[in-house]
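Note sheet for the following structure.
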Amino acid sequence: MHDILGKAKAALDSVIPTSSPSPPLPPGMVASYQHLPQPPLPSTADLPSTIQDPTALDILRYRYHHGTNLGSIYVLERWLFPSRFPKKSQGTSELEAVKAWVHEIGEGPTKAMFEKAWAEVVTDQDIKWLKEEAKCTTVRLPIGYYDLSDPSFTRGTPFEPYDYIYSAAWASIRSLISRLRAHSIGVLLDLHALPGGANPHDHSGTNSGVAQFFNSHSNRDMGTRCCEFIAREAKAGLDIVGLQIVNEADWESPNLYEWYDECIQAISAIDSSLPVIISDAWNLQKAVEYALRKNTAYPSIPTCPVLIDTHLYWAFTDKDKQKSPQQIIDEVPAQLTALDGREGSILDRGAVQTIVGEYSCVLTEETWSKAGSSDRQELVRRFGNTQSKRYQERTAGAFFWTWKMDWYPGGEWGFAAQCTPQSSQPHSATLLPSITAPPHALLPAHEICNLLERVSHRRNERMHAAVDQHVSYWHHLHTEKPAEHWRYENGWKIGHQDAYVFFEGRGAEAVGQGNKIGALELWVLKRVRECGMRGDQVWEFEQGLRRGVHDFCSVVGI
């Protein structure tokens with residue numbers, strides 16, 4: 001029996017990161033292990049582990065994203081930035097803006113004007129506000145295919161005559177990513193405008209009024225090439241949180257999931273570590289089923305982790321216009337139920353992870369007319385608070401629409417306005433924001449240090465309790481069934497250490513403290529893929545990993 005325990009312990013030590021050595025088991029733990037049956041050889045032998053402590057980029061990608069959209073900068077929308085359009089022009093899209101300016105002032109001055117707008121839209125003071133006041137971790141950055149500064153990407157498109165205007169756009173985008181990254185703010189690149197348009201609206205880049213991306217092979221091929229370009233940039237060192245390959249695809253778009261397969265395969269061949277974000281096309285349930293199939297523990301070839309982007313608004317449909325603000329606020333906690341029962345065991349069913357890529361505090365005037373005697377500002381605050389709470393509970397992150405506009409701070413469309421504490425009641429001295437950062441983002445540095453010390457002191461106690469509980473439960477339930485409970489302990493140690501590193505941050509690499517693993521399902525998927533374990537008992541590693549993360553968060557109180 002001692003030989004068996006020695007072999008199990010040796011296998012355990014071989015997959016634990018060198019940065020977190022295993023402490024000896026206490027006497028009580030050894031005693032509980034002595035009653036385990038001999039672990040059989042797995043049906044497929046374990047492979048070497050490749051697990052290392054989370055990197056700075058891992059934290060940027062997998063922490064909870066309390067974020068905002070940058071807004072209409074590289075994909076213009078007139079309602080947000082009327083100043084970026086000639087006064088006499090008629091269109092509302094990026095294409096109409098560039099056409100009108102070139103016609104009015106010429107190519108050179110238009111290029112200079114656009115580049116000046118890109119350079120000045122986010123100041124150093126803005127970034128400081130994002131980090132210190134809004135507690136923003138991540139910016140969703142909408143861009144267009146024409147912004148990639150490669151003339152081949154616009155060939156045969158309406159932007160081909162204007163590729164010179166955008167020749168410095170990608171350099172501008174890279175610069176913004178680097179400036180934000182230096183302040184511990186990640187960027188999720190969102191291909192908001194694809195050739196032909198994934199939807200018929202002006203935020204797809206044109207005023208064509210039709211969606212021609214998914215029904216055109218050449219457009220889809222161009223979209224894939226654009227994604228490959230960004231993947232190569234990420235592989236070469238551009239630190240991005242992820243790549244959203246399409247924004248707001250139309251409901252039941254033809255060839256949607258076929259293109260997802262093709263595009264994800266192409267990106268994975270370049271950088272399989274890059275998170276890929278897909279649009280749910282207003283059908284979250286269908287997207288959930290797709291993501292579960294893509295995010296499997298043992299893919300035949302290395303494959304990018306896939307997240308779903310869903311958008312939640314209550315300001316557009318006739319049905320929502322018939323509701324009162326109070327009814328809409330009550331609906332928020334019932335959102336995202338398509339995820340219920342689909343998480344918690346990636347080995348059994350795959351992994352699914354969502355972000356809310358767009359939301360706001362906007363309701364229609366028809367809705368506000370049904371508010372009764374309630375104070376509007378208080379209802380806005382409740383609406384924002386309820387959304388913040390729900391999305392922090394059920395998603396990997398949420399991005400308010402939007403941050404920048406001519407009419408900044410933007411009212412109920414404005415991230416800045418809704419993050420700013422305001423009176424909760426008329427004549428009240430209590431100031432509260434509508435959009436609230438998660439509690440862990442609000443912890444001061446000295447408290448984080450104290451919590452890290454506390455969790456270190458309680459680590460072994462929590463680990464021994466978790467492993468004893470696990471062993472006792474399964475030994476009682478399946479007395480004669482072979483088990484490999486050492487995998488559970490291994491998973492616990494790795495999960496606990498991962499949560500510790502996220503919370504501690506990587507200060508030397510410009511990743512601040514106070515992070516929580518937000519994309520937990522995809523993080524578990526990553527660790528299962530890296531651990532090298534095979535066979536029927538890998539579930540013990542997965543569940544131990546989850547318990548380790550949970551125990552860390554429980555002690556820290558996040």
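Residue numbers for the sequence shown follow full-length UniProt numbering, beginning at 1 and rising by one.
Don't be surprised by glycine CBs; every beta carbon is placed ideally from N, CA and C.
Element boundaries [beta strand (DSSP E), containing residue i]
i: A193; result: G186 to A193
9 Å Cβ cutoff, residue i in contact with chain B
i: W259; result: Annotation note: the requested chain B is absent from the structure, which comprises a single protein chain.
Contact belief for residue i with residue j at Cβ below 8 Å, rounded distance in angstroms
i: Y74; j: K516; result: That belief does not hold up - the Cβ atoms of Y74 and K516 are roughly 30 Å apart, past 8 Å.
i: residue 569; j: G350; result: As displayed, the chain neither begins before 1 nor continues past 558, which places residue 569 out of reach and without an answer.
i: I494; j: R527; result: 6 Å
i: W523; j: Y62; result: 5 Å
i: S83; j: N207; result: So it is not a contact: roughly 19 Å between Cβ atoms.
i: G544; j: E489; result: 6 Å
i: L431; j: Q422; result: 6 Å
i: Y313; j: S360; result: 6 Å
Residue environment, residue i, which counts as buried when at least 16 other CB atoms sit within 10 Å
i: V122; result: buried
i: W407; result: exposed
i: P21; result: Model confidence at P21 stands at a pLDDT of 33, short of 50, so the residue's coordinates are unreliable; what they give is reported in the following sentence. Looking at its Cβ environment, which holds fewer than 16 other Cβ atoms inside 10 Å, P21 is exposed.
i: F503; result: buried
i: K319; result: exposed
i: C304; result: buried
i: G108; result: exposed
i: P24; result: Because P24 sits at a pLDDT of 31, beneath the cut-off of 50, its placement in the model cannot be relied upon, and the following sentence gives the value as read from the coordinates. Exposed is the call here.
i: I301; result: exposed
i: C449; result: exposed
i: P444; result: exposed
i: I267; result: buried
i: I143; result: buried
i: H457; result: exposed
i: N247; result: buried
i: I105; result: exposed
Range of the contiguous alpha helix (DSSP H) that encloses residue i
i: V511; result: V511 -> no alpha helix (DSSP H), and no H or E assigned at all.
i: G242; result: No alpha helix (DSSP H) contains G242, which is instead part of the beta strand (DSSP E) from G242 to Q244.
i: M222; result: H217 to K235
i: N385; result: R376 to R394
i: R462; result: A445 to L477
i: K321; result: D318 to K321
i: D239; result: Per DSSP, D239 belongs to no alpha helix (DSSP H) and is neither H nor E.
i: P136; result: The sequence shown places Cys at residue 136, not Pro. Note, C136: premise wrong, no alpha helix (DSSP H); not H, not E.
i: D58; result: A56 to Y62
i: F415; result: F415 to C419
i: K128; result: D124 to E132
i: P200; result: Where P200 is concerned, there is no enclosing alpha helix (DSSP H), given that its DSSP letter is neither H nor E.
i: I558; result: Premise fails: I558 is in no alpha helix (DSSP H) and is neither H nor E.
i: I301; result: From DSSP, I301 is part of no alpha helix (DSSP H); its letter is neither H nor E.
i: R349; result: I346 to R349
Residue i, DSSP secondary structure in three states
i: H485; result: coil
i: C263; result: helix
i: N283; result: coil
i: V75; result: coil
i: W118; result: helix
i: N69; result: strand
i: F399; result: strand
i: R534; result: coil
i: P23; result: Residue placement at P23 is flagged as unreliable, the pLDDT there being 31, under the threshold of 50; the coordinate-derived value follows with that caveat. Coil at P23, not helix or strand.
i: I165; result: coil
i: K370; result: coil
i: P494; result: For the sequence presented, residue 494 should be read as Ile rather than Pro. I494 falls in the helix class under three-state DSSP.
i: I329; result: helix
i: I173; result: helix
i: I270; result: helix
i: K294; result: helix
i: F153; result: helix
i: K87; result: coil
i: G209; result: coil
i: Q335; result: coil
Residues bridged to residue i [DSSP beta-bridge criterion]
i: L312; result: Y359
i: P142; result: D190
i: I278; result: I308
i: S93; result: E77
i: T354; result: I308
i: Q422; result: L432
i: R506; result: V511
i: I517; result: R63
i: K404; result: G71
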